[in-house]
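Taking this note's numbering, the leading residue of the sequence shown gets 9, the next gets one more, and so forth. Note sheet for the following structure.
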Amino acid sequence: MARPIRETPILFGEDGKRFEEKMRNAKCTVTPEQYAVMYSHYKSVLASLERGETARKTRLAQRVGAIAK
(Lines of atoms letter the chains of each structure in order from A; the text may use other names.)
(Lines give C-alpha, C1' and ligand atoms only; values in the text may rest on other atoms or scores of the structure.)
Protein backbone atom coordinates (compact mmCIF):
# COMPACT_ATOMS: atom_id res chain seq x y z
CA MET A 9 0.00 0.00 0.00
CA ALA A 10 1.33 3.42 -0.91
CA ARG A 11 2.03 5.95 1.78
CA PRO A 12 0.05 9.18 1.59
CA ILE A 13 1.87 12.20 0.21
CA ARG A 14 2.59 14.76 2.89
CA GLU A 15 1.79 18.40 2.40
CA THR A 16 4.46 20.58 0.87
CA PRO A 17 5.95 22.89 3.49
CA ILE A 18 5.25 26.59 3.05
CA LEU A 19 7.96 29.15 3.68
CA PHE A 20 7.04 32.21 5.70
CA GLY A 21 8.84 35.35 6.77
CA GLU A 22 12.49 35.86 5.94
CA ASP A 23 12.92 32.32 4.62
CA GLY A 24 10.11 32.85 2.14
CA LYS A 25 11.43 36.23 1.04
CA ARG A 26 14.95 34.87 0.59
CA PHE A 27 13.70 31.89 -1.42
CA GLU A 28 11.50 34.05 -3.63
CA GLU A 29 14.38 36.44 -4.32
CA LYS A 30 16.70 33.58 -5.24
CA MET A 31 14.11 32.16 -7.64
CA ARG A 32 13.59 35.56 -9.26
CA ASN A 33 17.32 35.98 -9.85
CA ALA A 34 18.13 32.37 -10.83
CA LYS A 35 20.40 32.09 -13.84
CA CYS A 36 21.08 29.19 -16.16
CA THR A 37 24.46 27.68 -15.32
CA VAL A 38 24.76 25.59 -18.49
CA THR A 39 26.73 27.14 -21.33
CA PRO A 40 25.60 26.65 -24.95
CA GLU A 41 28.63 24.39 -25.50
CA GLN A 42 27.70 22.20 -22.51
CA TYR A 43 24.11 22.08 -23.72
CA ALA A 44 25.25 20.94 -27.19
CA VAL A 45 27.29 18.11 -25.63
CA MET A 46 24.41 17.05 -23.37
CA TYR A 47 21.99 17.11 -26.32
CA SER A 48 24.31 14.97 -28.46
CA HIS A 49 24.57 12.45 -25.60
CA TYR A 50 20.78 12.46 -25.30
CA LYS A 51 20.42 11.74 -29.03
CA SER A 52 22.98 8.92 -28.75
CA VAL A 53 21.05 7.31 -25.90
CA LEU A 54 17.78 7.56 -27.85
CA ALA A 55 19.40 5.96 -30.90
CA SER A 56 20.81 3.16 -28.73
CA LEU A 57 17.39 2.53 -27.18
CA GLU A 58 15.81 2.45 -30.62
CA ARG A 59 18.38 -0.10 -31.84
CA GLY A 60 17.69 -2.25 -28.78
CA GLU A 61 13.93 -2.05 -29.32
CA THR A 62 14.34 -2.99 -32.99
CA ALA A 63 16.50 -5.98 -32.02
CA ARG A 64 13.95 -7.05 -29.39
CA LYS A 65 11.11 -6.91 -31.91
CA THR A 66 13.19 -8.90 -34.42
CA ARG A 67 13.91 -11.64 -31.86
CA LEU A 68 10.25 -11.75 -30.89
CA ALA A 69 9.18 -12.04 -34.53
CA GLN A 70 11.69 -14.86 -35.07
CA ARG A 71 10.32 -16.75 -32.04
CA VAL A 72 6.74 -16.30 -33.17
CA GLY A 73 7.71 -17.41 -36.68
CA ALA A 74 9.47 -20.51 -35.31
CA ILE A 75 6.42 -21.42 -33.23
CA ALA A 76 4.06 -20.97 -36.18
CA LYS A 77 6.02 -23.46 -38.37
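Backbone N, C-alpha and C fix where the C-beta goes; we use that ideal spot for every residue, glycine too.
When you compare each of the options to residue i by their alpha carbons, which one comes out closest?
{"i": "glutamate 28", "options": "Leu19, Lys35 and Cys36", "result": "Leu19"}
{"i": "valine 38", "options": "Tyr47, Val53, Asp23 and Lys30", "result": "Tyr47"}
{"i": "alanine 34", "options": "Arg26, Ser56 and Thr62", "result": "Arg26"}
Consult DSSP for residue i and reduce its assignment to one of helix, strand or coil.
{"i": "methionine 31", "result": "helix"}
{"i": "methionine 8", "result": "Nothing can be reported for residue 8: it is not among the residues displayed for the chain, which extend from 9 to 77."}
{"i": "glutamate 61", "result": "helix"}
{"i": "arginine 11", "result": "coil"}
{"i": "isoleucine 18", "result": "coil"}
Can you confirm whether residue i, when its beta carbon is compared against all beta carbons of chain D, has any partner nearer than 8 Å?
{"i": "leucine 57", "result": "Absent here is chain D; the protein component of the structure consists of one chain."}
Rounded to whole angstroms, what is the Cα-Cα separation between residue i and residue j?
{"i": "glycine 24", "j": "methionine 31", "result": "11 Å"}
{"i": "valine 45", "j": "glycine 73", "result": "42 Å"}
{"i": "histidine 49", "j": "glycine 21", "result": "43 Å"}
{"i": "alanine 69", "j": "leucine 54", "result": "22 Å"}
{"i": "threonine 66", "j": "arginine 11", "result": "41 Å"}
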